[in-house]
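Counting from 1 along the sequence shown, just add 3 to a position and that's the residue number in this note's numbering. Step one of this worksheet: look at the structure below.
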Amino acid sequence: MKILVTGVAGFIGSTLAHRLLVRGDTVHGIDNLSDYYDVSLKKARLEKLSTREKFQFDLLDIANRAEMEMLFSRTRFDAVVNLAAQAGVRYSLQNPSSYIQTNIVGFCNILEGCRHSGVAHLVFASSSSVYGANTRLPFSEHDNVDHPVSLYGATKKANELMAHTYAHLYGLPTTGLRFFTVYGPWGRPDMALFMFTKNILEGRPIQVFNNGNMVRDFTYVDDIVEGVIRVVDRPAQSEPGWDGAMPDPASSRAPYRIYNIGNNKPVQLMRYIEVLERSLGRKAQIEMLPMQPGDVQATMADVTALQRDIGYSPATTVDEGVPRFVEWYRSYYGI
């Protein structure tokens with residue numbers, strides 16, 4: 004297939020592009036190389052991809068309507084995977100307009116491009132952040148998600164609603180994947196594992212929020228990518244039994260699906276730090292802090308639907324995944 008991957012210089016996007024290329028797909032990647040975090044890391048990811056024969060890259064912002072229209076008019080894509088987004092829960096409190104431009108305006112441009120060019124399947128990144136104030140674990144796609152606690156989470160829910168509208172009005176098959184705390188080699192510098200590793204190696208304290216009383220469904224990047232690829236190959240279908248009198252948020256009469264993609268094995272944050280300390284061979288200096296605005300205490304994914312429909316669920320433990328990240332970090336930074 005010829006697949007458009009947006010946010011291809013990002014953590015998940017670059018990993019996905021490699022896997023697609025290995026299996027023989029042609030990948031057209033776009034990214035705006037924003038300076039939200041170290042651009043040199045994004046360029047290094049692109050450098051690894053640039054040697055592949057079936058990879059093409061355009062420096063392009065999904066929020067630029069004219070450029071997106073031109074992209075879709077000149078190139079026919081079999082599928083689109085939208086991973087371009089302004090990420091980060093805490094940053095959404097500081098720069099909300101960035102989330103509206105990229106996550107809302109940009110996503111609308113992608114939907115319009117898919118609609119007018121006959122794309123057979125749009126797969127897009129949602130987030131566990133949509134569950135917001137919901138505290139019933141594990142999080143299920145059938146749960147109500149009407150109470151976001153961050154603008155980031157609200158924009159991801161908006162993406163799901165927008166995608167359903169296009170599936171309903173235009174028959175565009177759309178599948179949203181709610182990612183749960185992704186980590187691994189080539190990860191983002193604003194994520195906890197990256198920041199913890201950097202500070203521990205530099206002998207500086209790490210900040211641990213809610214006094215360490217946090218639980219996360221940490222999901223290894225290769226597991227995420229395997230799930231994405233399997234979903235790409237299975238375009239969303241309408242659900243014949245869907246009932247408007249008791250509407251299921253995870254499916255529709257339209258060709259639309261929502262899946263959780265998480266490890267389904269939540270880990271206490273303090274244990275996560277212990278695994279990191281063991282991998283680094285160093286103890287962390289810990290600064291305990293209260294809960295941050297926009298954050299939640301616990302996440303856990305119900306992946307029953309993912310297992311049923313694509314025969315897969317993430318399985319890499321933090322005891323396997325964290326050492327792989329540390330190995331990459333030491334190699335990349337020459338430590």
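Cβ coordinates follow ideal geometry from the N, Cα and C atoms, glycine included.
Residue i - containing beta strand (DSSP E), residue span
i    : result
T138 : Note, T138: premise wrong, no beta strand (DSSP E); not H, not E.
Y262 : 259 to 264
D38  : Premise fails: D38 is in no beta strand (DSSP E) and is neither H nor E.
I103 : Run containing I103: none; DSSP gives neither H nor E here.
S130 : 124 to 130
I113 : Here I113 belongs to no beta strand (DSSP E); instead the alpha helix (DSSP H) covers 110 to 120.
Extent of the continuous alpha helix (DSSP H) run through residue i
i    : result
I6   : Here I6 belongs to no alpha helix (DSSP H); instead the beta strand (DSSP E) covers 5 to 9.
E330 : 321 to 335
N162 : 154 to 173
I15  : 14 to 25
Q310 : 307 to 313
F212 : From DSSP, F212 is part of no alpha helix (DSSP H); its letter is neither H nor E.
L86  : L86 -> no alpha helix (DSSP H), and no H or E assigned at all.
E70  : 68 to 77
F199 : 195 to 204
M273 : 272 to 283
E56  : Per DSSP, E56 belongs to no alpha helix (DSSP H) and is neither H nor E.
F182 : It is not in any alpha helix (DSSP H) - F182 instead sits in the beta strand (DSSP E) that spans 177 to 182.
Under 8 Å between C-beta atoms of residue i and residue j
i    : j    : result
F183 : I276 : no
I261 : G179 : yes
T9   : N85  : yes
V185 : A301 : no
F328 : G190 : yes
T319 : D220 : no
V211 : V278 : no
R93  : G297 : yes
G2   : A66  : The structure shown has nothing for residue 2, since the chain only spans 4 to 338.
K5   : D81  : yes
S305 : S143 : Rather than Ser, the amino acid found at residue 305 in this sequence is Asp. A contact, by the Cβ cut-off of 8 Å.
A12  : L49  : yes
P176 : P258 : yes
N162 : T222 : no
M303 : N213 : no
Residue i versus residue j - alpha carbon distance
i    : j    : result
L36  : D61  : 10 Å
V231 : N216 : 31 Å
K45  : G337 : 18 Å
H167 : E242 : 13 Å
H145 : L309 : 13 Å
M249 : V148 : 15 Å
F75  : H31  : 11 Å
K286 : I227 : 29 Å
P317 : R233 : 12 Å
N106 : A239 : 22 Å
L196 : R274 : 12 Å
S129 : L164 : 11 Å
R55  : R26  : 12 Å
I209 : L292 : 10 Å
T200 : S255 : 43 Å
T307 : D28  : 29 Å
D34  : A253 : 29 Å
S95  : H150 : 16 Å
P269 : E72  : 42 Å
S100 : E323 : 38 Å
R311 : Q288 : 43 Å
H139 : L272 : The sequence as given places Arg at residue 139; His does not occur at that position. So the two alpha carbons sit approximately 19 Å from each other.
P326 : E290 : 23 Å
T18  : E229 : 10 Å
W331 : N202 : 16 Å
H171 : I113 : 16 Å
Inter-residue CB distance, residue i and residue j (contact presumed, cutoff 8 Å)
i    : j    : result
Y169 : R237 : At roughly 18 Å, the Cβ-Cβ gap does not stay under 8 Å, so Y169 and R237 are not in contact.
G156 : G135 : 5 Å
V83  : V122 : 5 Å
Q104 : Y39  : Contact flag wrong, Cβ pair sits at about 12 Å.
L204 : L283 : 7 Å
A87  : L52  : The pair is not a contact, with the Cβ atoms about 15 Å apart (cut-off 8 Å).
K57  : L24  : 6 Å
S120 : R181 : Contact doesn't hold; Cβ gap of about 26 Å is too wide.
H124 : V235 : 6 Å
*asked:* At 4 residues or longer, what runs of the alpha helix (DSSP H) sit wholly inside the stretch 214 to 247?
replied: 224 to 235
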